[in-house]
Amino acid sequence: MVDLDSVEAYLEGKHPKAVALFRRFETLVECCGPSEPAPRGSIVYWKRTRVFAGAYIERRRLELNIDLLREAEHPCLIAAFHTTKRVITHRLRITDAAQLDDSIAGLLAEAFEHVGPGTRVG
Numbered sequence: 018m019v020d021l022d023s024v025e026a027y028l029e030g031k032h033p034k035a036v037a038l039f040r041r042f043e044t045l046v047e048c049c050g051p052s053e054p055a056p057r058g059s060i061v062y063w064k065r066t067r068v069f070a071g072a073y074i075e076r077r078r079l080e081l082n083i084d085l086l087r088e089a090e091h092p093c094l095i096a097a098f099h100t101t102k103r104v105i106t107h108r109l110r111i112t113d114a115a116q117l118d119d120s121i122a123g124l125l126a127e128a129f130e131h132v133g134p135g136t137r138v139g
């Protein structure tokens, strides 16, 4: 996995529609509170103590990873799977800015609050 210097480096050369979706998602993440973007060659993660969300561009669409301590339902959900004993990663596909609504903001806020600080007990 290649680390990049910036989110801008990750977005370079990507389709403008997908970049606009990415920027809207980035704004939703920033509304949750302070976190650190961690751009890689194929995805940008956001973390506090632990990664709680990620986004990557696939042609003209945006694919999301949102980590929760429960399995959630959502119309954009394409898969949900355990990544640890407690954390379930939710993969969502976004093709339109209207899909980046309050329901996504709510999932992000939950991930930020419950997964971002770390999930190890004790």
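Start counting at 1 in the sequence shown, then tack on 17, and there's your number in this note's numbering. From the three backbone atoms N, C-alpha and C, an ideal C-beta is built for every residue, glycine too. What you are looking at is a predicted structure, and each value in this text was computed from that prediction instead of being measured.
Exposure of residue i, with buried meaning 16 or more beta-carbon neighbours within 10 Å
i      : result
Thr-66 : exposed
Phe-98 : exposed
Gly-58 : exposed
Limits of the alpha helix (DSSP H) - the one that residue i falls within
i      : result
Lys-31 : Where Lys-31 is concerned, there is no enclosing alpha helix (DSSP H), given that its DSSP letter is neither H nor E.
Element boundaries [beta strand (DSSP E), containing residue i]
i       : result
Glu-75  : 68-75
Ile-111 : 105-111
Glu-53  : 53-56
Lys-64  : 61-64
Leu-79  : 78-85
Cβ distance (whole Å) where residue i is taken to contact residue j below 8 Å
i       : j       : result
Cys-48  : Ala-114 : At roughly 15 Å, the Cβ-Cβ gap does not stay under 8 Å, so Cys-48 and Ala-114 are not in contact.
Asp-84  : Ala-128 : 5 Å
Val-104 : Val-132 : 6 Å
Leu-109 : His-91  : 6 Å
Asn-82  : Thr-106 : 5 Å
Leu-86  : Ala-35  : Actually they are not in contact, since the Cβ atoms of Leu-86 and Ala-35 sit about 29 Å apart, beyond 8 Å.
Collapsed DSSP secondary structure at residue i in the structure displayed
i       : result
Asp-118 : coil
Ala-97  : strand
Arg-41  : helix
Val-24  : helix
His-91  : coil
Val-46  : helix
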